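Notes for the one structure printed next.
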Amino acid sequence: MSTIGIMYKQPRVFAHDAWPVVIGAINYTWNMNKQFPGTMNYAGILVTNGGIGYAPTNTIVLSQTGGASAPATLIVDTVDGVGAVTSFHFDHTTAANLGIGYSVGDTETDIAGMGFGCTITNIDIPNTQEAGCCLYFSPAAAAAANINVIMEGATYTGDSGVDFGYAASDVRTFTLVPVGSFMPVMVKQITSATVTNDILALY
Numbered sequence: 005m006s007t008i009g010i011m012y013k014q015p016r017v018f019a020h021d022a023w024p025v026v027i028g029a030i031n032y033t034w035n036m037n038k039q040f041p042g043t044m045n046y047a048g049i050l051v052t053n054g055g056i057g058y059a060p061t062n063t064i065v066l067s068q069t070g071g072a073s074a075p076a077t078l079i080v081d082t083v084d085g086v087g088a089v090t091s092f093h094f095d096h097t098t099a100a101n102l103g104i105g106y107s108v109g110d111t112e113t114d115i116a117g118m119g120f121g122c123t124i125t126n127i128d129i130p131n132t133q134e135a136g137c138c139l140y141f142s143p144a145a146a147a148a149a150n151i152n153v154i155m156e157g158a159t160y161t162g163d164s165g166v167d168f169g170y171a172a173s174d175v176r177t178f179t180l181v182p183v184g185s186f187m188p189v190m191v192k193q194i195t196s197a198t199v200t201n202d203i204l205a206l207y
């Protein structure tokens with residue numbers, strides 16, 4: 005809040021939610037206003053082929069082209085007359101449904117071979133479009149680690165050549181973050197960590 009009382013962004017004094025951070029998980033909240041009519045460019049993917057023969061409530065398990073270590077699963081909402089997907093969503097009640105290890109620009113298909121195809125467009129931590137999140141490092145982690153992050157102030161470019169959608173110069177490194185600590189910075193993405201940590205995003 006400014007000194008003249010105008011609020012510029014949502015104040016976050018205390019966390020009201022927490023989300024497990026998974027590096028390379030698809031950001032199911034990205035572009036959810038579907039601001040590009042005529043295309044399915046939301047929920048962290050751009051659909052390039054709607055496929056054929058799908059029905060509402062079908063699940064699509066994405067391939068792992070590009071080095072993802074676990075697949076993402078989406079759910080079909082609507083289809084056209086030939087069964088091409090016209091809308092979809094991710095079931096985010098389980099973080100595993102969003103995959104692990106995807107990069108921006110990866111091209112994925114339905115492993116069932118029904119023609120659905122998409123490009124990964126965003127792997128930010130969910131719900132960080134308007135404001136970043138703070139981080140909590142679980143005491144279960146083995147040791148302090150160097151954490152590479154994209155801060156709230158970075159500008160999204162969608163650049164597939166950098167893997168995470170931002171310029172390489174936007175990566176900031178926090179050295180030897182101790183376990184069991186709270187990190188009061190506003191972050192949109194963790195790009196890598198030298199030691200595997202259980203990290204929670206706090207909103």
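Numbering (this note's numbering), first residue to last: 5 to 207. Just so you know, even glycine gets a beta-carbon here, dropped at the ideal spot from N, CA and C. Bear in mind that the values here come from a model prediction, so they are computed numbers and not experimental data.
With DSSP as the reference, identify every bridge partner of residue i, one or two as the case may be.
i      : result
His93  : Ile79
Asp114 : Leu66
Ile124 : Ile49
Asn152 : Thr177, Ser196
Ala74  : Ile104
Gly54  : Phe120
Pro24  : Leu204
Val191 : Cys137, Met155
Phe186 : Tyr140
Pop quiz: residue i and residue j are said to be a contact at Cβ under 8 Å. What is the actual Cβ separation, rounded to whole angstroms?
i      : j      : result
Lys192 : Ile124 : Not quite, the Cβ-Cβ distance comes to about 16 Å (not below 8 Å), so this is no contact.
Phe92  : Ile127 : With 8 Å as the limit, Phe92 and Ile127 do not qualify as a contact, their Cβ atoms being about 17 Å apart.
Leu204 : Trp23  : 7 Å
Met190 : Gly121 : The Cβ separation is near 34 Å, so there is no contact.
Asn152 : Thr179 : Not really, about 10 Å apart at Cβ, beyond 8 Å.
Phe118 : Ile56  : What sits at residue 118 in the sequence shown is Met, not Phe. Sure, about 6 Å apart at Cβ, within 8 Å.
Val166 : Ala172 : 5 Å
Val80  : Asn53  : Incorrect: roughly 14 Å between the Cβ atoms, too far for contact.
Comparing C-alpha positions only, which one of the options sits nearest to residue i?
i      : options                        : result
Tyr170 : Asn35, Ile154, Gln68           : Ile154
Asp114 : Ala135, His96, Leu78, Asp95    : Leu78
Glu156 : Tyr46, Asn62, Tyr207, Glu112   : Tyr207
Ser73  : Val183, Cys138, Ser107, Tyr140 : Ser107
Could you tell me whether the Cβ atoms of residue i and residue j are closer together than 8 Å?
i      : j      : result
Ala158 : Asp174 : yes
Gly48  : Gly71  : no
Leu102 : Tyr32  : yes
Val83  : Tyr46  : no
Ser67  : Pro60  : no
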